[in-house]
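Residue numbers (this note's numbering): 62 to 241. Virtual Cβ for every residue (Gly too), placed ideally from N, Cα, C. These numbers were taken from a predicted model, which means no experiment stands behind them. A short write-up of the structure that comes next.
Below, the structure written as C-alpha coordinates:
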(Lines of atoms letter the chains of each structure in order from A and count residues from 1; the text may use other names and numbers.)
(Lines give C-alpha, C1' and ligand atoms only; values in the text may rest on other atoms or scores of the structure.)
Protein backbone atom coordinates (compact mmCIF):
# COMPACT_ATOMS: atom_id res chain seq x y z
CA UNK A 1 0.00 0.00 0.00
CA UNK A 2 1.26 3.45 -0.92
CA UNK A 3 0.94 6.14 1.77
CA UNK A 4 0.55 9.89 1.42
CA UNK A 5 0.54 11.96 4.61
CA UNK A 6 -0.72 15.53 4.84
CA UNK A 7 -0.44 17.65 7.98
CA UNK A 8 -2.91 20.55 8.19
CA UNK A 9 -1.92 23.31 10.61
CA UNK A 10 0.12 20.87 12.70
CA UNK A 11 3.69 19.57 12.79
CA UNK A 12 3.72 15.91 13.73
CA UNK A 13 6.67 13.73 14.58
CA UNK A 14 7.76 10.91 12.32
CA UNK A 15 6.56 8.50 15.03
CA UNK A 16 2.93 9.48 14.44
CA UNK A 17 3.35 8.88 10.70
CA UNK A 18 4.97 5.49 11.42
CA UNK A 19 2.10 4.60 13.77
CA UNK A 20 -0.44 5.58 11.11
CA UNK A 21 1.43 3.56 8.48
CA UNK A 22 1.44 0.51 10.77
CA UNK A 23 -2.28 0.77 11.60
CA UNK A 24 -3.52 1.69 8.13
CA UNK A 25 -1.19 -0.95 6.66
CA UNK A 26 -3.36 -3.60 8.33
CA UNK A 27 -6.09 -2.69 5.82
CA UNK A 28 -3.81 -3.84 3.01
CA UNK A 29 -5.04 -7.42 3.43
CA UNK A 30 -8.42 -6.37 2.03
CA UNK A 31 -7.14 -4.79 -1.17
CA UNK A 32 -5.46 -5.94 -4.35
CA UNK A 33 -2.05 -4.48 -5.13
CA UNK A 34 -1.88 -0.80 -5.96
CA UNK A 35 -3.99 0.52 -3.09
CA UNK A 36 -3.26 4.07 -1.98
CA UNK A 37 -3.95 5.60 1.42
CA UNK A 38 -4.17 9.35 1.98
CA UNK A 39 -3.97 10.28 5.66
CA UNK A 40 -4.64 13.92 6.57
CA UNK A 41 -3.93 15.05 10.12
CA UNK A 42 -5.32 18.22 11.66
CA UNK A 43 -5.82 19.95 14.99
CA UNK A 44 -8.77 22.24 15.62
CA UNK A 45 -9.02 25.18 17.99
CA UNK A 46 -10.50 23.20 20.86
CA UNK A 47 -7.54 20.72 20.84
CA UNK A 48 -9.47 18.14 18.81
CA UNK A 49 -7.22 15.89 16.75
CA UNK A 50 -8.75 14.98 13.40
CA UNK A 51 -7.71 12.22 11.01
CA UNK A 52 -9.17 11.96 7.51
CA UNK A 53 -8.40 8.58 5.98
CA UNK A 54 -9.08 7.92 2.30
CA UNK A 55 -8.20 4.56 0.74
CA UNK A 56 -8.36 4.10 -3.04
CA UNK A 57 -8.16 0.69 -4.62
CA UNK A 58 -9.11 -0.06 -8.19
CA UNK A 59 -11.79 2.58 -8.57
CA UNK A 60 -13.30 1.98 -5.13
CA UNK A 61 -13.00 4.73 -2.55
CA UNK A 62 -13.31 4.36 1.22
CA UNK A 63 -13.32 7.43 3.45
CA UNK A 64 -13.43 7.99 7.19
CA UNK A 65 -13.03 11.11 9.29
CA UNK A 66 -12.62 10.77 13.04
CA UNK A 67 -11.87 13.27 15.81
CA UNK A 68 -10.71 12.79 19.37
CA UNK A 69 -9.74 15.17 22.12
CA UNK A 70 -5.99 15.50 22.45
CA UNK A 71 -4.86 12.09 21.11
CA UNK A 72 -3.90 11.69 17.45
CA UNK A 73 -3.27 7.94 17.84
CA UNK A 74 -6.84 7.36 19.05
CA UNK A 75 -8.16 9.25 16.02
CA UNK A 76 -6.01 7.04 13.74
CA UNK A 77 -7.36 3.89 15.41
CA UNK A 78 -10.95 5.12 15.11
CA UNK A 79 -10.61 5.95 11.40
CA UNK A 80 -9.08 2.53 10.62
CA UNK A 81 -11.90 0.85 12.57
CA UNK A 82 -14.47 2.85 10.57
CA UNK A 83 -12.97 1.72 7.25
CA UNK A 84 -12.91 -1.92 8.44
CA UNK A 85 -16.54 -1.61 9.50
CA UNK A 86 -17.47 -0.25 6.05
CA UNK A 87 -15.69 -3.14 4.36
CA UNK A 88 -17.21 -5.82 6.58
CA UNK A 89 -20.70 -4.36 6.28
CA UNK A 90 -20.54 -4.36 2.49
CA UNK A 91 -18.26 -7.35 1.90
CA UNK A 92 -20.63 -9.23 -0.41
CA UNK A 93 -21.22 -6.13 -2.53
CA UNK A 94 -17.49 -5.47 -2.67
CA UNK A 95 -16.47 -9.09 -3.34
CA UNK A 96 -15.34 -8.42 -6.92
CA UNK A 97 -13.23 -5.43 -5.89
CA UNK A 98 -11.55 -6.88 -2.81
CA UNK A 99 -8.80 -9.44 -2.59
CA UNK A 100 -10.15 -13.01 -2.77
CA UNK A 101 -8.63 -14.11 0.56
CA UNK A 102 -9.46 -10.87 2.40
CA UNK A 103 -11.82 -12.58 4.80
CA UNK A 104 -11.05 -15.84 6.59
CA UNK A 105 -13.31 -18.73 5.68
CA UNK A 106 -16.35 -18.83 7.93
CA UNK A 107 -17.20 -22.20 9.44
CA UNK A 108 -20.56 -23.70 8.64
CA UNK A 109 -22.64 -26.02 10.74
CA UNK A 110 -24.65 -25.88 13.94
CA UNK A 111 -21.86 -24.27 16.01
CA UNK A 112 -21.21 -21.54 13.45
CA UNK A 113 -22.21 -18.04 14.54
CA UNK A 114 -25.02 -16.46 12.58
CA UNK A 115 -23.70 -14.41 9.68
CA UNK A 116 -24.58 -10.75 9.67
CA UNK A 117 -27.60 -10.05 7.52
CA UNK A 118 -26.80 -7.69 4.69
CA UNK A 119 -28.99 -4.64 4.50
CA UNK A 120 -30.76 -4.09 1.22
CA UNK A 121 -30.49 -0.64 -0.28
CA UNK A 122 -34.06 0.55 -0.34
CA UNK A 123 -35.08 3.69 -2.19
CA UNK A 124 -37.86 5.16 -0.08
CA UNK A 125 -38.53 8.25 -2.15
CA UNK A 126 -37.91 9.40 -5.70
CA UNK A 127 -37.98 13.02 -6.76
CA UNK A 128 -38.05 14.23 -10.32
CA UNK A 129 -37.32 17.79 -11.26
CA UNK A 130 -35.90 19.69 -14.22
CA UNK A 131 -32.22 20.62 -13.95
CA UNK A 132 -32.00 24.25 -14.95
CA UNK A 133 -28.86 25.83 -16.39
CA UNK A 134 -27.35 28.30 -13.89
CA UNK A 135 -24.04 29.51 -12.54
CA UNK A 136 -22.40 28.02 -9.45
CA UNK A 137 -23.25 31.13 -7.42
CA UNK A 138 -26.92 30.90 -8.43
CA UNK A 139 -26.95 27.20 -7.46
CA UNK A 140 -25.50 27.99 -4.01
CA UNK A 141 -28.12 30.71 -3.53
CA UNK A 142 -30.89 28.33 -4.60
CA UNK A 143 -29.56 25.60 -2.27
CA UNK A 144 -29.56 28.02 0.67
CA UNK A 145 -33.06 29.23 -0.19
CA UNK A 146 -34.52 25.72 -0.10
CA UNK A 147 -32.54 24.84 3.03
CA UNK A 148 -30.79 21.76 1.63
CA UNK A 149 -27.17 20.66 2.03
CA UNK A 150 -26.74 19.97 -1.69
CA UNK A 151 -28.21 21.11 -4.98
CA UNK A 152 -28.05 19.52 -8.45
CA UNK A 153 -28.02 21.75 -11.53
CA UNK A 154 -26.72 22.22 -15.08
CA UNK A 155 -23.58 24.37 -14.95
CA UNK A 156 -23.78 27.23 -17.47
CA UNK A 157 -20.05 27.82 -17.10
CA UNK A 158 -19.35 24.22 -18.22
CA UNK A 159 -21.69 24.10 -21.25
CA UNK A 160 -24.65 22.72 -19.31
CA UNK A 161 -22.80 19.77 -17.74
CA UNK A 162 -24.37 18.12 -14.70
CA UNK A 163 -22.97 19.42 -11.40
CA UNK A 164 -23.75 19.41 -7.68
CA UNK A 165 -22.92 22.06 -5.09
CA UNK A 166 -22.88 21.09 -1.43
CA UNK A 167 -22.36 22.68 1.96
CA UNK A 168 -19.17 21.57 3.74
CA UNK A 169 -18.80 21.06 7.48
CA UNK A 170 -16.19 23.84 7.62
CA UNK A 171 -18.73 26.41 6.41
CA UNK A 172 -17.54 26.53 2.78
CA UNK A 173 -19.07 25.03 -0.32
CA UNK A 174 -18.00 22.22 -2.60
CA UNK A 175 -18.65 21.55 -6.28
CA UNK A 176 -18.95 18.12 -7.90
CA UNK A 177 -18.49 18.06 -11.67
CA UNK A 178 -18.41 15.36 -14.30
CA UNK A 179 -14.91 14.88 -15.73
CA UNK A 180 -16.00 13.78 -19.18
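Using a Cβ-Cβ cut-off of 6 Å (strictly less than) and excluding sequence neighbours within five positions of residue i, which residues of its own chain qualify?
i	result
residue 173	Any reading at residue 173 must be qualified, since the residue scores a pLDDT of 47, below 50, and its modelled position is unreliable; no value is offered.
residue 170	Per-residue confidence for residue 170 stands at a pLDDT of 48, beneath the threshold of 50, marking its modelled position as unreliable; the derived number appears in the next sentence. Excluding sequence neighbours, residue 170 sits near nothing in its chain.
residue 118	92, 96
Cβ atoms of residue j and residue i: under 7 Å apart, would you say?
i	j	result
residue 116	residue 98	yes
residue 200	residue 190	no
residue 114	residue 104	no
residue 102	residue 71	yes
residue 130	residue 109	yes
residue 203	residue 211	no
residue 148	residue 91	yes
residue 246	residue 182	Given that the chain is displayed from residue 62 to residue 241, the structure contains no residue 246 and the question cannot be resolved.
residue 126	residue 139	no
residue 217	residue 187	no
residue 141	residue 84	yes
Using C-beta distances below 8 Å, list every residue in its chain close to residue i, excluding the 5 sequence neighbours before and after it, in chain order.
i	result
residue 239	222, 223, 224
residue 229	235
So residue i is in the beta strand (DSSP E); what residue range does that whole segment cover?
i	result
residue 66	63 to 69
residue 225	222 to 228
residue 232	Neither: residue 232 is in no beta strand (DSSP E) and is coded neither H nor E.
Looking only at its own chain, which residues have a Cβ that is under 7 Å from the Cβ of residue i, when we skip the five neighbours before and after it?
i	result
residue 86	62
residue 69	101, 102, 103
Scan the segment 80 to 158 and note each continuous alpha helix (DSSP H) run of 4 residues or more that stays entirely inside, going in chain order. 133 to 150
Whole beta strand (DSSP E) runs in the segment 196 to 220 with 3 or more residues, listed along the chain? 211 to 216
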